[in-house]
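Student: One structure is given below, represented as structure tokens, and several questions about it will come after.
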Amino acid sequence: MKEELIISGRNIPNIDPVLHIWHWQIPLYLFLGGLAAGLLFFASYFYIRGRGNELKTSVQIAPAFAPFFIIIGLLALLLDLKHQLYFWRLYTTFRIESPMSWGAWTLGVVLPLSFIWPLTYLKEMKKYFSKNFTFMYPIVSWVDTFIKSIKPLEKLIKWFTKHRYGLAWVVIVISVILGVYTGILLSAFNARPLWNTSILGPLFLTSGLSTGAALIMWSSKSVKERIIFSRIDILLVAVELFFIVHLFMGFLASGAVQIESAQLFLGGEFTAIFWIGVVGIGLVLPLILETMELFGFHVPISIPALLILIGGLIFRFVMVDAGQVTRYLY
Amino acid sequence: MRYAMAMDTKKCVGCGDCVVACQTENNVPLGYARDWIVEKVEGTYPSLNLELRSERCNHCENTPCVRTCPTGASHVIEGGIVKVTHDECIGCGACIQACPYEARYFHPDGYVDKCTFCDHRTSKGQDTACVAVCPTHSLTFGDLDDENSPISKLLRNRKWKTLAPEAGTKPNVYFLI
Ligand code: SF4
Ligand code: SF4
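For the record, the sequence lines run as chains U and H. First residue of the first sequence: 10, per my numbering; consecutive thereafter. First residue of the second sequence: 23, per my numbering; consecutive thereafter.
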């Protein structure tokens, strides 16, 4: 039987045909949030494990990137708002059921912490930048003089330096929340079947951690540290691949709208960019390169690191774009 | 009180009066709309079936749009009407993503706008603008908690459906079929 089904849907000139209200800002914000979460996680984790002096880049140096990423991310979020003058409304209430509200408050807490952590390492940073990336040295020493010129601030930083262990525990918890949040923001939308899966939280957390590890690996000068982070990356990328398989298994075993959203990646319009860009270039290729490296082939570390970062960025864009295409049909 | 609307797909002729009435009543900017007409043809030629629907926000009982709002701008008022307070809305778009029916849109001034079940009229006992103008009386607005209201009677006596009930929002716009 040949059945005809024609739905001449609504056609409101300025709203239809596609719901596409989130553009580049949200994926960028999710990417930078995940990256910052990764940096802060590894810094506090290895500090708690008592390896702060051994893994210098991850604990003392790389976290200094985090506040910048968070600020750029917040600016992107601000740009995304259509009613920007009312931005402050985010901070006059807390809505327990709204992931956006959680995110705004999490970032509100993470931002100061992400400044404080690197500030407790100013002395070490000065030493490090006097030898590597020397162009950073004047900036760091300017910050150092600035802080010393404001007594209460100096005292505060000293206090945090003394209680770094406690600080590390706070940072580690909040960085995991930040990492998971980047996925939950999307997964909370029941109306977008592609996002509406609980695996998205862990998947985005893993992806964020792996981009963080990649950046640390890239900026580290110590061979030992590079090997450790390269191994971490291999593990995280493998877990991510596993989650992705899981994601699709979940969709394909689910209802019509979920199957349809999986089809976007299995023959539909996002197939190439997802399997080549995200999985191929962003996960499998760096995985191969880093494994080769472990077996003694020499690969410049910047290549897998860059691939992972680019892959992570594309992943966010693809998920945000594709999710907005998926919807309930009636 | 539980406000709801019944939309008779058998009576609707797809004239679009409800759309225009809403745009006029609520000062909806040009090129936007809070309600709209959908035509659906299905079957095998020559036995085709045409369904005409006038759709709008379903004023759901379980409101993902309200839950997801970070500022509380989206909220539910007396009678279960879902509204947006314009100057609390930051324009983040979360509620637009959260609605399975695409019932919300960005007003050119930045905030989110949507059907209000004409609460400025209904609170005074009047009908909504769309109900008032419908030439075929396809639309019925009323209180489900009142067993004798016309809408309660209609829903008792006619077959009806809601749109995408599997989305779990418990819509309150009923389509008589
Ligand atoms: S139809 Fe959409 S906007 Fe209206 S109450 Fe339901 S979820 Fe919210
Ligand atoms: S766009 Fe406005 S009404 Fe919608 S969730 Fe954001 S703040 Fe709330």
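For every residue, glycine included, the Cβ atom is placed at its ideal position computed from N, Cα and C. All figures in this text were calculated on a predicted structure; none of them were measured in a lab.
Considering only heavy atoms of ligand 1, does any lie closer than 7 Å to the CB of arginine 126 (chain H)?
Tutor: As a position in the second sequence, residue 126 (chain H) is number 104, starting the count at 1. Yes, ligand 1 has a heavy atom inside 7 Å of this Cβ.
Student: Going by DSSP, what residue range makes up the alpha helix (DSSP H) through arginine 75 (chain H)?
Tutor: On the second sequence, residue 75 (chain H) is found 53 positions in, with the first residue counted as 1. Not the alpha helix (DSSP H): arginine 75 (chain H) falls in the beta strand (DSSP E), residues 69-77.
Student: Where does the unbroken beta strand (DSSP E) through lysine 160 (chain U) begin, and where does it stop?
Tutor: What you label residue 160 (chain U) is simply residue 151 of the first sequence in a count that begins at 1. Where lysine 160 (chain U) is concerned, there is no enclosing beta strand (DSSP E), although the alpha helix (DSSP H) it sits in stretches over 160-171.
Student: For aspartate 57 (chain H), I'd like the list of residues in its chain whose CB is within less than 7 Å of its CB, leaving aside the five on either flank, ordered along the chain.
Tutor: As a position in the second sequence, residue 57 (chain H) is number 35, starting the count at 1. The beta carbon of aspartate 57 (chain H) is closer than 7 Å to those of Cys40, Val41, Cys44, Ser76, Glu77, Arg78, Cys137, Cys152 in its chain, skipping five residues each way along the sequence.
Student: Pull up the CB-CB distance for leucine 212 (chain U) and leucine 256 (chain U), whole angstroms please, since I reckon it's below 8 Å.
Tutor: The count along the first sequence starts at 1 and reaches residue 212 (chain U) at position 203. The count along the first sequence starts at 1 and reaches residue 256 (chain U) at position 247. Yes, leucine 212 (chain U) and leucine 256 (chain U) are in contact; Cβ-Cβ is about 7 Å, under 8 Å.
Student: Using 8 Å as the limit for Cβ to Cβ distance, is proline 72 (chain U) near chain H?
Tutor: Start at 1 with the first residue of the first sequence, and residue 72 (chain U) comes out as number 63. Output row for proline 72 (chain U): interface = no.
Student: Please go through the same chain and pick out, in chain order, the residues whose beta-carbon is closer than 6 Å to the beta-carbon of aspartate 141 (chain H), but skip the five residues on each side of it.
Tutor: The sequence position of residue 141 (chain H) within the second sequence is 119, counting from 1. The answer, listed in chain order, is Ile103.
Student: Looking at C-alpha atoms only, which residue of H:Tyr133, H:Asp165, H:Gly132 is the closest neighbour of glutamine 148 (chain H)?
Tutor: Taking the first residue of the second sequence as position 1, residue 148 (chain H) is located at position 126. Measuring from the Cα of glutamine 148 (chain H), the nearest candidate turns out to be H:Asp165.
Student: Just confirm the distance between the C-beta atoms of glycine 112 (chain U) and tyrosine 190 (chain U), as a whole number of angstroms; I'd bet it's less than 8 Å.
Tutor: Working through the first sequence from its first residue, we reach residue 112 (chain U) at position 103. Working through the first sequence from its first residue, we reach residue 190 (chain U) at position 181. Between glycine 112 (chain U) and tyrosine 190 (chain U), the beta carbon gap of about 5 Å places them in contact (Cβ cut-off 8 Å).
Student: Using a Cβ-Cβ cut-off of 8 Å, state whether isoleucine 103 (chain H) counts as contacting chain U.
Tutor: Here residue 103 (chain H) refers to the residue found at position 81 when the second sequence is read from its first residue. Cβ-Cβ to chain U under 8 Å: no for isoleucine 103 (chain H).
Student: In three-state DSSP terms, what is valine 164 (chain H)?
Tutor: Here residue 164 (chain H) is taken as the residue at index 142 of the second sequence, counted from 1. Just to set this straight, residue 164 (chain H) is glycine in the shown sequence, not valine. Strand, per DSSP.
Student: Please go through the same chain and pick out, in chain order, the residues whose beta-carbon is closer than 7 Å to the beta-carbon of arginine 58 (chain U), but skip the five residues on each side of it.
Tutor: Within the first sequence, residue 58 (chain U) is the residue found at index 49, counting from 1. Same-chain partners within the cutoff: there are none.
Student: Tell me whether the stretch 121-135 of chain H and the stretch 85-101 of chain U touch, counting them as touching only if at least three CB pairs, one residue from each stretch, are closer than 8 Å.
Tutor: Verdict: yes, contact present.
Student: With a 10 Å radius around its C-beta and 16 neighbouring C-beta atoms as the bar for buried, classify methionine 134 (chain U) as buried or exposed.
Tutor: Residue numbering aside, residue 134 (chain U) sits at position 125 when the first sequence is read from its first letter. Buried, by the Cβ-count rule.
Student: List, in order along the chain, the chain H residues whose C-beta lies closer than 9 Å to that of arginine 123 (chain U)?
Tutor: The residue you call residue 123 (chain U) lines up with position 114 of the first sequence. As written in the sequence, residue 123 (chain U) is serine, which differs from the arginine given in the question. Chain H residues near serine 123 (chain U): none, gap ~21 Å exceeds 9 Å.
Student: By alpha-carbon positions, which one of U:Val179, U:Gln333, U:Ser207 ends up nearest to glutamate 269 (chain U)?
Tutor: Position 260 of the first sequence, counted from the start, is the residue given in the question as residue 269 (chain U). Among U:Val179, U:Gln333, U:Ser207, the Cα nearest to that of glutamate 269 (chain U) belongs to U:Gln333.
Student: Determine the extent of the alpha helix (DSSP H) in which tryptophan 204 (chain U) is found, giving its start and end residues.
Tutor: As a first step, residue 204 (chain U) is located in the first sequence; it is residue number 195 there, counting from the start. No alpha helix (DSSP H) holds tryptophan 204 (chain U); DSSP gives it neither H nor E.
Student: Taking 7 Å as the cut-off, is the CB of glycine 115 (chain H) close to at least one heavy atom of ligand 2?
Tutor: Here residue 115 (chain H) refers to the residue found at position 93 of the second sequence. True, at least one ligand heavy atom lies under 7 Å from that Cβ.
Student: Could you please give the first and the last residue of the uninterrupted alpha helix (DSSP H) stretch that includes aspartate 330 (chain U)?
Tutor: Counting from 1 along the first sequence, the entry for residue 330 (chain U) is found at position 321. Element bounds for aspartate 330 (chain U): 311-334.
Student: Could you say which of U:Gly291, U:Arg325, U:Leu303, U:Leu84 lies nearest to proline 313 (chain U) if we only look at CA atoms?
Tutor: Numbered from its first residue, the first sequence carries residue 313 (chain U) at position 304. Residue U:Gly291 holds the alpha-carbon nearest to the alpha-carbon of proline 313 (chain U) among U:Gly291, U:Arg325, U:Leu303, U:Leu84.
Student: Within the 8 Å Cβ cut-off, does methionine 328 (chain U) reach chain H?
Tutor: Taking the first sequence and counting its residues from 1, one reaches residue 328 (chain U) at position 319. Not one chain H Cβ lies under 8 Å of methionine 328 (chain U).
Student: Would you mind telling me which residues of chain U sit closer than 9 Å to glycine 38 (chain H), beta carbon to beta carbon, in chain order?
Tutor: Numbered from 1 along the second sequence, position 16 holds the residue referred to as residue 38 (chain H). Near glycine 38 (chain H) there are no residues of chain U at all, since even the closest Cβ is about 11 Å away, more than 9 Å.
Student: Using a cut-off of 7 Å between C-beta atoms, extract the partners of threonine 102 (chain U) located in chain H.
Tutor: The count along the first sequence starts at 1 and reaches residue 102 (chain U) at position 93. Residues of chain H passing the Cβ test: Thr93, Gly94.
Student: Would asparagine 80 (chain H) and alanine 125 (chain H) qualify as a contact pair, given that the criterion is a beta-carbon distance under 8 Å?
Tutor: The residue given as residue 80 (chain H) occupies position 58 in the second sequence. The residue given as residue 125 (chain H) occupies position 103 in the second sequence. Yes. Within cutoff.
Student: At a Cβ threshold of 8 Å, is cysteine 111 (chain H) touching chain U?
Tutor: Position 89 of the second sequence holds residue 111 (chain H). It does: the Cβ of cysteine 111 (chain H) has a partner Cβ on chain U nearer than 8 Å.
Student: Output the distance between the C-alpha atoms of cysteine 37 (chain H) and leucine 39 (chain U), rounded to the nearest integer angstrom.
Tutor: What you label residue 37 (chain H) is simply residue 15 of the second sequence in a count that begins at 1. What you label residue 39 (chain U) is simply residue 30 of the first sequence in a count that begins at 1. Roughly 45 Å separates the two Cα atoms.
Student: Nearest by alpha-carbon distance to threonine 335 (chain U): which of U:Ala200, U:Gly217, U:Ile319 is it?
Tutor: Counting from one through the first sequence, the residue named residue 335 (chain U) turns up at place 326. The candidate whose alpha carbon is nearest that of threonine 335 (chain U) is U:Ala200.
Student: In three-state terms, what does DSSP make of tyrosine 25 (chain H)?
Tutor: Within the second sequence, numbered from 1, the residue matching residue 25 (chain H) stands at position 3. Of the three classes helix, strand and coil, the one that applies to tyrosine 25 (chain H) here is strand, per DSSP.
Student: Do leucine 44 (chain U) and glycine 175 (chain U) have their C-beta atoms closer together than 8 Å?
Tutor: The residue you call residue 44 (chain U) lines up with position 35 of the first sequence. The residue you call residue 175 (chain U) lines up with position 166 of the first sequence. No. Outside cutoff.
Student: Classify phenylalanine 24 (chain U) as helix, strand or coil using the three-state DSSP reduction.
Tutor: What you label residue 24 (chain U) is simply residue 15 of the first sequence in a count that begins at 1. In the sequence as displayed, the identity of residue 24 (chain U) is isoleucine instead of phenylalanine. If DSSP states are grouped into helix, strand and coil, isoleucine 24 (chain U) belongs with coil.
Student: Out of curiosity, what's the CA-to-CA distance linking phenylalanine 274 (chain U) and threonine 206 (chain U)?
Tutor: Residue 274 (chain U) sits at position 265 when you count from the first residue of the first sequence. Residue 206 (chain U) sits at position 197 when you count from the first residue of the first sequence. Those two C-alpha atoms are separated by around 16 Å.
Student: Pop quiz: cysteine 82 (chain H) and cysteine 117 (chain H) are said to be a contact at Cβ under 8 Å. What is the actual Cβ separation, rounded to whole angstroms?
Tutor: Translated into positions along the second sequence, residue 82 (chain H) becomes position 60. Translated into positions along the second sequence, residue 117 (chain H) becomes position 95. Rounded, the Cβ-Cβ distance is 12 Å, inconsistent with contact.
Student: Which same chain residues, not among the five before or five after proline 122 (chain H), have their C-beta less than 8 Å away from its C-beta?
Tutor: Against the second sequence, residue 122 (chain H) aligns to sequence position 100. Annotation for proline 122 (chain H): Pro86, Ala186, Ala189, Thr191 place their beta carbon closer than 8 Å to its own, counting only its chain and skipping 5 residues before and after.
Student: Go ahead and pull the three-state DSSP assignment for isoleucine 30 (chain U).
Tutor: Sequence index remark: in the first sequence, residue 30 (chain U) carries index 21 (1-based). Of the three classes helix, strand and coil, the one that applies to isoleucine 30 (chain U) here is coil, per DSSP.
Student: Does any C-beta atom of chain U lie closer than 8 Å to the C-beta of alanine 28 (chain H)?
Tutor: As a first step, residue 28 (chain H) is located in the second sequence; it is residue number 6 there, counting from the start. With 8 Å as the cut-off, alanine 28 (chain H) does not count as an interface residue toward chain U.
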